[in-house]
C-alpha cells in the first residue's frame, strides 16, 4: 500500500493488484495483537494531500494513527491501511483488483512475464512488483525440539490460545530462542498473562548476541546503566546521522525495551535472560522445556519462478530477497524482465542510514522509468493484463 500511496502515477497505467487476502491494505496486521515498535506519526507522511489518496488522510482512523506519538496497538495501523485499501478499490476497475486468489507462479520468457494465480487464472504483464511480505519458517537449529516449538508470530497473533496444554501442578518451563523484537513481543504476551493470573510459567530468553536498545540520543544512553547483555553502539554504524537516535530501527523500544530492562535488572520474577554462542549450547535447557518459542528471524516469502525455462530463486539461497540498485530482483545473466521487489526484507534499514520515508517513492520512480521505455516487439502494452 505504501508504494501506491506514494506513487499514485502508477494508477495511470493499466494496473492490476493481486491480493491474497479478502481486502487490500491491512495485510496480516489485524491479527497481530501487540504494540508497534514505532510511533504512529511516522506513517503516511509520504501521501500527497492533493493526490488521489489525499482525502484518506482526514479519515478518523488515519488521523488517530498519525496523531499517536508513542507505541500503539497494531490494530490501529490495520484500520488506517484498511481505509487506504477502500480508496484503492474505488480507484481501480473491479476486474483489476483481484482478491483472495494468491499468485503462485511467475514465468518469464525474454521480457514477457506471465503470472499464474491459485485459481489457474493467468495474467500477462510488462512489469511486476513482488510485495509478498515475510514469513517465519521453522529454524534448523531447533529441529531436535520441533514437536515442542512454535513460532513467535503465533503467540503474537493468538496469545495464550497458541500454547499447547501446560502442566497444572507446576509453572510451565518456556524458552524463547532469540532476543529480537519478535522475541520480546512474545515475552510481553506471556508476562501480561502471568500478571493477569492466567499463566504460571518460568520463562528463559536465549540471546545469541547482545541486545540492541533504542535511545533518543547519546546523552540518554549515558544516563542509564548498561548490563552485559546490552549491545554498545558503534558511533560510525549505529547512530542515525539525521536524528542522533541510537539503534533507530533495530533497537528494542517501548514496552519491549522496558521488559528487557526489567528482566536484566532482576525485577521480573520468573523471567531470566541468557546469552549463548549457539542454540546447541542450551540443549539441556531446551530438553527440559515444555514449550519453545522460536524467535530466530524472518525470511522473504517466496513463490515458484521460472526464467527462460529454468527455475530461479531471486534470493540466491539466502533468507532474504534484496533488490538490485535499480529496485529489481536479482536475475540470471542476460535476463531482462522488469520484476521489482518491495517489502520483502524484514531488516531493510541500517541504523546509521538516513530516514527511509522516501523508499516508496524511490521504488515507484524506478518502476515508472521502466514503463517509460518502449516494450519489445510483441510485448503486451499495459502494465498488467488479466487473461
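In our numbering, the protein residues as written are 2 to 388.
Glycine included, every Cβ here is placed at the ideal spot set by N, Cα and C.
#1: Would you call the CB atoms of residue 292 and residue 149 closer than 7 Å?
#2: What number of angstroms, rounded off, separates the C-alpha of residue 68 from the C-alpha of residue 61?
#3: So is residue 27 buried or exposed if we call it buried at 16+ other beta carbons inside 10 Å?
#4: Looking at the structure shown, is residue 30 part of a helix, part of a strand, or coil, going by DSSP?
#5: Compare the Cα-Cα distances from residue 304 to each of 198, 374, 103, 79 and report the closest residue.
#6: Just curious, the beta strand (DSSP E) that residue 98 is in, first and last residue?
#7: Hey, how far is the Cα of residue 88 from the Cα of residue 58?
#8: Sort out for me which residues DSSP pairs residue 85 with in a bridge.
#9: Does the beta carbon of residue 136 fall short of 6 Å from some heavy atom of the ligand COA?
#10: Using a Cβ-Cβ cutoff of less than 8 Å, which residues in the same chain neighbour residue 70 once the five nearest sequence positions on both sides are dropped?
#11: Out of curiosity, what's the CA-to-CA distance linking residue 25 and residue 90?
#12: Applying the criterion that 16 or more other CB atoms from any shown protein chain within 10 Å of the CB defines a buried residue, is residue 339 buried or exposed?
#13: Compare the beta carbon distance of residue 391 and residue 371 with 7 Å and say whether it is the shorter of the two.
#14: Let me know the secondary structure DSSP gives residue 222 once reduced to three states.
#15: According to DSSP, is residue 95 part of a helix, a strand, or is it coil?
#16: From residue 118 to residue 132, what does the alpha carbon distance come to, in whole angstroms?
#17: When we look at the beta-carbon of residue 234 and count the other beta-carbons within 10 Å, is it buried (16 or more) or exposed?
#18: In chain order, what residues of the same chain lie with their CB nearer than 6 Å to the CB of residue 72, ignoring the 5 residues before and after it?
#19: Taking 7 Å as the threshold (C-beta atoms), are residue 231 and residue 214 in contact?
#20: I'd like to check one pair, residue 315 with residue 322: are the Cβ atoms closer than 7 Å?
#21: On a CA-only basis, which of 81, 162, 55, 247 is nearest residue 7? Give me that one, please.
#22: Quick one: Cα of residue 142 to Cα of residue 178, how far?
#23: Which same chain residues end up closer than 8 Å to residue 44 when comparing Cβ atoms and leaving out the 5 residues on each side of it in sequence?
#24: To the nearest angstrom, how far is it from the Cα of residue 20 to the Cα of residue 211?
#25: What are the residues that DSSP puts in a beta bridge with residue 216?
#26: Does the pairing of the segment 240–249 with the segment 277–297 give three or more beta-carbon distances under 8 Å?
#27: Express the C-alpha separation of residue 107 and residue 374 in angstroms, rounding to a whole number.
#28: What separation, rounded to the nearest whole angstrom, lies between the Cα atoms of residue 75 and residue 196?
#29: When DSSP labels each residue in this structure, what does residue 276 get in the three-state scheme?
#30: Rounding to the nearest angstrom, what Cα-Cα distance links residue 240 and residue 270 in this structure?
#31: Mind pulling the beta strand (DSSP E) runs of 3 or more residues that sit fully within the segment 95–160?
#32: Quick check: what's the CA-CA separation for residue 9 versus residue 134?
Reading from the atomic positions:
#1: Yes. Within cutoff.
#2: One C-alpha to the other measures close to 10 Å.
#3: Burial call: buried.
#4: Three-state DSSP puts residue 30 in a helix.
#5: Comparing Cα positions, the closest option is 103.
#6: For residue 98, the uninterrupted beta strand (DSSP E) segment begins and ends at 98–100.
#7: When rounded, the distance between both Cα atoms is 11 Å.
#8: Note: residue 85 sits in no beta bridge, so no partner.
#9: In the structure shown, the ligand COA is absent, as is every other ligand, since no ligand is present at all.
#10: Non-local C-beta neighbours of residue 70 in its own chain, meaning closer than 8 Å and more than five positions away in sequence, comprise 40, 41, 42, ordered along the chain.
#11: Residue 25 and residue 90 have their C-alpha atoms some 8 Å from each other.
#12: Of the residues assessed, residue 339 falls on the buried side of the cut-off, its CB having 16 or more other CB atoms within 10 angstroms.
#13: Examination of residue 391 is not possible in this model, given that the chain is present from 2 through 388 alone.
#14: DSSP places residue 222 in helix when its eight states are reduced to three.
#15: When secondary structure is reduced to three states using DSSP, residue 95 falls in the helix class.
#16: The straight-line gap from Cα to Cα measures roughly 15 Å.
#17: Taking every protein chain shown into account, the CB of residue 234 has 16 or more other CB atoms within 10 angstroms, so this residue is buried.
#18: Within the same chain, Cβ atoms closer than 6 Å to the Cβ of residue 72 are found at 36, 37, 255, the five residues on either side in sequence being excluded.
#19: In contact: residue 214 and residue 231 (Cβ atoms closer than 7 Å).
#20: Yes, Cβ-Cβ distance for residue 322 and residue 315 is below 7 Å.
#21: Answer by Cα proximity: 55.
#22: Across the structure, residue 142 and residue 178 are spaced so that their CA atoms are roughly 10 Å apart.
#23: Within its own chain, the residues whose Cβ lies closer than 8 Å to the Cβ of residue 44, once the five positions on either side in sequence are excluded, are 66, 67, 78, 81, listed in chain order.
#24: Cα-Cα distance, rounded: 38 Å.
#25: DSSP, once it has assigned bridges, lists 247 as partnering residue 216.
#26: With the rule of 3 Cβ pairs closer than 8 Å, the segment 240–249 does not count as touching the segment 277–297.
#27: Straight-line spacing of the CA atoms in residue 374 and residue 107 works out to 22 Å.
#28: Computed Cα separation, rounded: 22 Å.
#29: Here residue 276 sits in strand by DSSP.
#30: Computed Cα separation, rounded: 33 Å.
#31: With a minimum length of 3 residues, the continuous beta strand (DSSP E) runs that stay inside the segment 95–160 are 98–100, 104–110, 113–118, 123–126, 128–131, 150–152.
#32: If I take the Cα positions, the gap works out to 21 Å.
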